[in-house]
Amino acid sequence: MQTQPHPDSPQAAPGPGSPFAADGSKTHSGDHGLKPNSLGAPAIAFYIIAAASPLTGVVGLVPIMIGLGNGAGTPGAFIIAAGILLLFAVGYLAMSRHVANAGALYAYTTLGLGRVVGLGSAAVTVFAYSCIQFSLYGGFGYYLSSLLHDAAGLDVPWWVCAIVAMLACLALGLQGVHAGGVILGVLITLECTMLLTLGAGIVFSPDTAAASEGFSLTPFSIPTVFAVGVGVSVMLAHTTFIGFEGSAIYAEEAKNPRRTIPRATYFAVVFMACVYALTSYLVINAVGVDDAQAVAQKESGNLIFFVADTVLGGWIAHTFQVLIITALFAAIVTFHNNLSRYLYALGRQGLVWNRLGHTRKVQKTPHVAATVQTVSAAAVVAGFAIAGLDPYTTLFTWLAGIGTVGIVTAQILAGVAIFVFFRRNDVDKRRWHTVIAPLLAIAGLGSILVLALSSLDLLLGASQTLTWILIGLLIFFGFLGSGYALWLRRRSRERYDRMQVMLTAGEAPSASVADVRNT
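Per the numbering used here, residue 2 is the first one in the sequence shown, and the count goes up by one each step.
In structure tokens:
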């Protein structure tokens, strides 16, 4: 049964003197909104690709996938993971016509599954994104400190390098997403140029196995792709795409979001799939298809450097070190922006400290949210530094792993929410977009989550006790968010009702608002 829109709903325009903006969210003198029409499809695609950090994925994860996963079938694992995410993107982007909010996964989950589950999803997502960003600071500090020691003989503590990255990232975040997009475009171009150089070196080098045996298509054959260990490889392949779901975060700042968001999302996923699959294919052929797994196990994390040194010479080592640092910084900038907009969305709705919903008057950037998350990152880095823990094997590995589990969980919740939303609201007749693709995506992501939970020792590289502590923290934040929503429903109805406001694109059905109001 259709109901009249609630006064706080997206359909109801506020009257004169109303404390609500046209979008239904609470206004205050410090909220100047986000800057509209500031990002085109290329800039958004750069943010997505930067979050995934292709060079880091190739250097850090491809050797593990080949050595411990399905071996020579690794290129196929990237294609499977990309296929699952493209299925998710079909429903995700179909629903984006009805939701335009900086909260992205949180907004989708709330509109589809209700506010209690939605705020639980928001807590999980913020925790997961925070863990990933903290881990990137650990990796950045580790690699930059190592480079300064090897190249210049300088002993700069890793945490000092991490703090420098924080300040640079905060400066870019305060300046605006357009400035960040330009920087990311340059950094990603350098990453891709390096990978292209490596690929060309393999193709034309006379010192590879492929030079004598020829390039084999065996890595793409079904028996090879689905060899023992394919589950581990697909799970790890999925982590190389983490951040692609962040495209919807920029809906409020995108130029014509109904066109730019889908274009950027599909392009980024397909582009990254091609980069990962092709690069791993060439690396496998360089060392020999039959010997790839054994070589990867022997060389471990140095596999890519080993191949690069063979086909390009020793000069490549320092170049890779520099570009890994810039790749990590690009990912840091992206996750910083993603987190800032999640916190901004929650603060704007009065669900947390409302100053998080403030933006700068001219740049219209969420400066308070950006500053808060920078301070939190500094606190975590300081904790690991004071404890004397290794930044790579602890901060980088532990938090990236648990962050990945959290994002997959949030993606599954969003996938279910998308399916439920279109079942409750007859606003899209396309069965592929609203039924088939979402269900296939839920099944695929669910399989990845099961694989991740069954391979936590590989994903986290931690003891069993610490592993379950990290998983416990993830579960705790989920229940904390949902419990807070229940508390709001009982004790602060105004703020609870405001959670239903999703900054819709102006055509969200009133039935959905009624459904959300009652959950």
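Just so it is clear, CB atoms sit at the ideal spot from N, CA and C, and this is done for glycine as well. Just so it is clear, the structure is predicted and the values come from calculations on it, not from any experiment.
Terminal residues of the alpha helix (DSSP H) in which Ala388 lies = To locate residue 388, count along the sequence shown from 1; it is residue 387. Premise fails: Ala388 is in no alpha helix (DSSP H) and is neither H nor E.
inquiry  = Could you compute how far the alpha carbon of Ala346 sits from the alpha carbon of Pro258?
reply    = If you number the sequence shown from 1, residue 346 lands on position 345. If you number the sequence shown from 1, residue 258 lands on position 257. So the two alpha carbons sit approximately 18 Å from each other.
query = In terms of residues, what are the limits of the alpha helix (DSSP H) holding Pro55?
reply = Numbered from 1 along the sequence shown, position 54 holds the residue referred to as residue 55. 55–61 is the span of the alpha helix (DSSP H), which, as asked, contains Pro55.
key: Beta-carbon proximity of Thr280 to Gly200, cut-off 8 Å   = The residue labelled residue 280 in the question sits at position 279 within the sequence shown. The residue labelled residue 200 in the question sits at position 199 within the sequence shown. A contact, by the Cβ cut-off of 8 Å.
task = Determine, using beta carbons only, whether Ala82 and Val233 come nearer to each other than 8 Å.
result = Along the sequence shown, read from residue 1 onward, the residue named residue 82 stands at position 81. Along the sequence shown, read from residue 1 onward, the residue named residue 233 stands at position 232. Contact: no.
task = Mind checking which residues open and close the alpha helix (DSSP H) that includes Thr467?
result = Position 466 of the sequence shown, counted from the first residue, corresponds to residue 467. One detail in the question is off: residue 467 reads as Leu in this sequence, not Thr. Element bounds for Leu467: 465–492.
inquiry  = To the nearest angstrom, how far is the alpha carbon of Val125 from that of Arg356?
reply    = Here residue 125 corresponds to residue number 124 of the sequence shown, with the count starting at 1. Here residue 356 corresponds to residue number 355 of the sequence shown, with the count starting at 1. Distance between the alpha carbons of Val125 and Arg356 is about 21 Å.
query = Straight-line CA distance for Leu283 to Gln294?
reply = Sequence index remark: in the sequence shown, residue 283 carries index 282 (1-based). Sequence index remark: in the sequence shown, residue 294 carries index 293 (1-based). Going from the Cα of Leu283 to the Cα of Gln294 covers about 14 Å.
query = What residue range is occupied by the uninterrupted alpha helix (DSSP H) comprising Pro224?
reply = Here the question's residue 224 lines up with position 223 in the sequence shown. It spans 223–226 - the alpha helix (DSSP H) in which Pro224 sits, taken as one unbroken run.
key: the stretch 248–258 touching the stretch 38–54, judged by at least three CB pairs closer than 8 Å   = yes
query = Going by other Cβ atoms of all chains shown within 10 Å of its Cβ, with 16 needed for buried, is Phe477 buried or exposed?
reply = The sequence position of residue 477 within the sequence shown is 476, counting from 1. Flag for Phe477 reads exposed.
inquiry  = According to DSSP, is Leu218 part of a helix, a strand, or is it coil?
reply    = What you label residue 218 is simply residue 217 of the sequence shown in a count that begins at 1. If DSSP states are grouped into helix, strand and coil, Leu218 belongs with coil.
query = Can you tell me the Cα-Cα spacing of Thr372 and Val165, whole angstroms?
reply = Walking along the sequence shown from the start, residue 372 turns up at place 371. Walking along the sequence shown from the start, residue 165 turns up at place 164. Rounded to the nearest angstrom, the two C-alpha atoms are 14 Å apart.
ask   = In its own chain, which residues sit with a C-beta less than 6 Å from the C-beta of Ala238, not counting the 5 before and 5 after it?
value = To locate residue 238, count along the sequence shown from 1; it is residue 237. Taken in chain order, the residues that qualify are Ala78, Phe79, Ala82.
message = Please report the straight-line C-alpha distance between Arg116 and Ile387, rounded to a whole angstrom.
response = Taking the sequence shown and counting its residues from 1, one reaches residue 116 at position 115. Taking the sequence shown and counting its residues from 1, one reaches residue 387 at position 386. Near 39 Å, if we compare the C-alpha coordinates of Ile387 and Arg116.
inquiry  = Can you list, in chain order, the residues of its chain with a C-beta nearer than 8 Å to that of Leu452? Leave out the 5 residues immediately preceding and following it.
reply    = Locating residue 452 in the sequence shown gives position 451, where the first residue counts as 1. Taken in chain order, the residues that qualify are Gly232, Val233, Val235, Met236.
task = May I ask you to list the residues that DSSP assigns as paired with Ala371?
result = Translated into positions along the sequence shown, residue 371 becomes position 370. In the DSSP output, where bridge partners are listed per residue, Ala371 has none listed.
query = Where Pro263 and Ala44 are concerned, what is the direct C-alpha to C-alpha distance, given to the nearest angstrom?
reply = As a first step, residue 263 is located in the sequence shown; it is residue number 262 there, counting from the start. As a first step, residue 44 is located in the sequence shown; it is residue number 43 there, counting from the start. Cα to Cα, Pro263 sits roughly 13 Å from Ala44.
ask   = What are the start and end residues of the alpha helix (DSSP H) that includes Pro333?
value = Indexing the sequence shown from 1 puts residue 333 at position 332. The sequence given here has Ile at residue 333, not Pro. Segment 317–349, the alpha helix (DSSP H) holding Ile333.
query = Given a threshold of 16 other Cβ atoms within 10 Å of its Cβ, counted over all protein chains shown, does Val288 qualify as buried or as exposed?
reply = The residue you call residue 288 lines up with position 287 of the sequence shown. Buried.
ask   = Considering only residues of the same chain and omitting the five flanking positions on each side of Val381, which have a CB-CB separation below 7 Å?
value = Indexing the sequence shown from 1 puts residue 381 at position 380. Result list for Val381: Phe135, in chain order.
task = Could you name the residues of the same chain whose beta carbon sits closer than 6 Å to that of Ile408, not counting the 5 residues immediately before and after it, in chain order?
result = The residue labelled residue 408 in the question sits at position 407 within the sequence shown. Same-chain partners within the cutoff: Ala129, Ile243.
Run of the alpha helix (DSSP H) containing His150, from where it starts to where it stops = Taking the sequence shown and counting its residues from 1, the one referred to as residue 150 is at position 149. Its alpha helix (DSSP H) spans residues 116–153.
request  = Would you kindly work out how many angstroms separate the C-alpha atoms of Lys299 and Phe307, rounded to a whole number?
outcome  = Residue numbering aside, residue 299 sits at position 298 when the sequence shown is read from its first letter. Residue numbering aside, residue 307 sits at position 306 when the sequence shown is read from its first letter. One C-alpha to the other measures close to 11 Å.
query = Anyone know if the C-beta pair for Gly84 and Gly230 falls short of 8 Å?
reply = Residue mapping note: residue 84 aligns to position 83 of the sequence shown, counting from 1. Residue mapping note: residue 230 aligns to position 229 of the sequence shown, counting from 1. Not closer than 8 Å, so no.
task = Check the C-beta distance from Leu114 over to Ala418 and give it rounded, since I have them as a contact under 8 Å.
result = As a first step, residue 114 must be located in the sequence shown, where it is residue number 113. As a first step, residue 418 must be located in the sequence shown, where it is residue number 417. Going by Cβ atoms, the distance from Leu114 to Ala418 rounds to 5 Å, so yes, they are a contact pair.
task = Since I believe Val312 is in contact with Thr209 (beta carbons under 8 Å), could you give me their beta-carbon distance rounded to a whole number of angstroms?
result = Looking up residue 209 in the sequence shown gives position 208. Looking up residue 312 in the sequence shown gives position 311. That belief holds up - the Cβ atoms of Thr209 and Val312 are roughly 6 Å apart, short of 8 Å.
request  = May I ask you to list the residues that DSSP assigns as paired with Leu40?
outcome  = Counted from its first residue, the sequence shown places residue 40 at position 39. In the DSSP output, where bridge partners are listed per residue, Leu40 has Ala255.
request  = Have a look at Arg490, Gly68, Cys193, Ala297 and flag the residue whose alpha-carbon is nearest the alpha-carbon of Phe272.
outcome  = The residue labelled residue 272 in the question sits at position 271 within the sequence shown. The option with the nearest alpha carbon to Phe272 is Cys193.
request  = Would you identify the three-state DSSP class for Met503, choosing helix, strand or coil?
outcome  = Here residue 503 corresponds to residue number 502 of the sequence shown, with the count starting at 1. Note that Met503 scores 43 on pLDDT, short of 50, meaning its location in the model is unreliable and no value can be drawn from it.
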